[in-house]
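Residue numbers (our numbering), protein chains in the order written: chain A, 784 to 1007; chain B, 784 to 1007. Every residue gets a Cβ at the ideal spot worked out from N, C-alpha and C, and that includes glycine. This report concerns only the one structure given below.
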DNA sequence: CTTGACAATGGACACTTGTTCACCTAAACA
DNA sequence: TGTTTAGGTGAACAAGTGTCCATTGTCAAG
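Here is the structure:
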């Protein structure tokens, strides 16, 4: 990809005591309330006199890639759990197989508009083999079309999509001209992002007006 | 106001098409993003020209007790899922056993400050027997003291607490004078709420300064 | 015909909340 | 000794966001 380190520098785990306290409070707050705390609520919990104390810790946690945030949006945290199965209802005896909903094929339109109950099936995934990090919010789409054949993704494959913002080089499910397709997301520096098909017969550039990335492909499952 | 019954008029289930769409979008948004949408994000999704269109629907959903909101707070929804067996009717087929963390005994102080990892044990609950609605955020506390003996809750019992705002008559885990105890939450009309012990040797009224309700007791489990 | 529930527009207001700038203290380090 | 890093104060700004008012229209029930 690129020579100079993209994003794996931080050890991801050496938090200071204070940072760990902040993180624990945030997680616990969400666990109790169902939504995330505001900066000032964190401030009050720790008796900080300034919101900036919280900001410093949040920036540190972001730098260490422990949390993600959406700039300017209220109460929007995302915890990057180090593939810890802990929190949720994953029993200890469970195998490494999770099942996730299949929400439709990849040209079905907005997954936003597909109800969770409207799934068309379920897919069992071995997370040890697929490199799939067990988390909620993930879903699967069945591939239609051949825009990614050069990336060894073929029609009929099941692609596991994790809804999140893409990084450069990620394969994403994106909405273009009213249709959802699988493309590689390219963003270099400050230039506007573009999408690239992994098929030499397809044009490399796609219009980015109204680009909607529905999620990042995390794994491909092909039934044989 | 109203001449008759306080709040069980709405059948809780007859939503209009639009209201159902709004609710579905909110649920689905949270499922995808991990946090709740803002009013204006809902507005944009449905191409409303005014945020007030959303407000109307949210008010309707609140009135029908399908959702709960914290006034003035951004992105703070709570969905009252109808699939939750509400203490009274028990799904006949279910013999599902869920296990939930035991966070400490009921005089341990703020569960807020207990880490999820700091649990002291786990409790297996048969939801068919306990009427317990499987949901995250619930936890268990072990009863110390005899303030609720008249409600057949005795020392050593495990009380399953669901963190939420209480209604009149709910048995709650509440913080009084630095100690967490189990009491019945009483609120009549517009009068300030008070707490009542279910033990005739205890005073009926408790100071409500700094009242912190940690959650509502949903079930009691007693090992024999 | 009137009433009321439902749905939506348009504009405005005010609180909530994320963000930033300047500045400070203490410990670790080379 | 100077520098860096973690942690924090204080004040202010601006965008995000919930809320409210007045108004319009539709449609079914009384």
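Sequence-distant Cβ neighbours of residue 996 of chain A in its own chain, meaning closer than 6 Å and more than five residues away, are 949, 955 and 957. Residue contact check for residue 829 of chain A against chain B: no CB pair falls below 8 Å. Among the residues of chain A, those whose CB is under 7 Å from the CB of residue 857 of chain B are 857 and 858, following chain order. The contact set of residue 968 of chain B on chain A, defined by CB atoms closer than 9 Å, is empty, because the minimum CB distance reaches about 18 Å. The beta carbon of residue 839 of chain B is closer than 7 Å to none in its chain, skipping five residues each way along the sequence. Classified as buried, residue 847 of chain A has 16 or more neighbouring CB atoms from the shown chains inside 10 Å of its CB. Closest in alpha carbon position to residue 841 of chain A, among A/827, A/860 and A/828, is A/860.
Secondary structure note for residue 851 of chain A: it is in no alpha helix (DSSP H), and the uninterrupted beta strand (DSSP E) holding it is 850-852.
As far as DSSP is concerned, residue 838 of chain A takes part in no beta bridge.
Look at residue 818 of chain A: its C-beta is under 8 Å from a C-beta on chain B. Within a 10 Å sphere around the beta-carbon of residue 856 of chain B sit fewer than 16 other beta-carbons, which makes this residue exposed.
Close to residue 861 of chain B, with beta-carbon spacing below 9 Å, are these residues of chain A in chain order: 816, 817 and 818. Contact between residue 982 of chain A and residue 932 of chain A holds, with the beta-carbon distance rounding to 5 Å and staying under 8 Å. Residue B/963 holds the alpha-carbon nearest to the alpha-carbon of residue 944 of chain B among B/928, B/929 and B/963. Just so you know, the alpha carbons of residue 806 of chain B and residue 819 of chain B end up roughly 12 Å apart. Measuring C-alpha to C-alpha distances from residue 927 of chain B to each of B/966, B/812, B/797 and B/810 identifies B/966 as the nearest.
Annotation for residue 861 of chain B: no alpha helix (DSSP H) segment contains it, though the beta strand (DSSP E) segment containing it runs 860-862.
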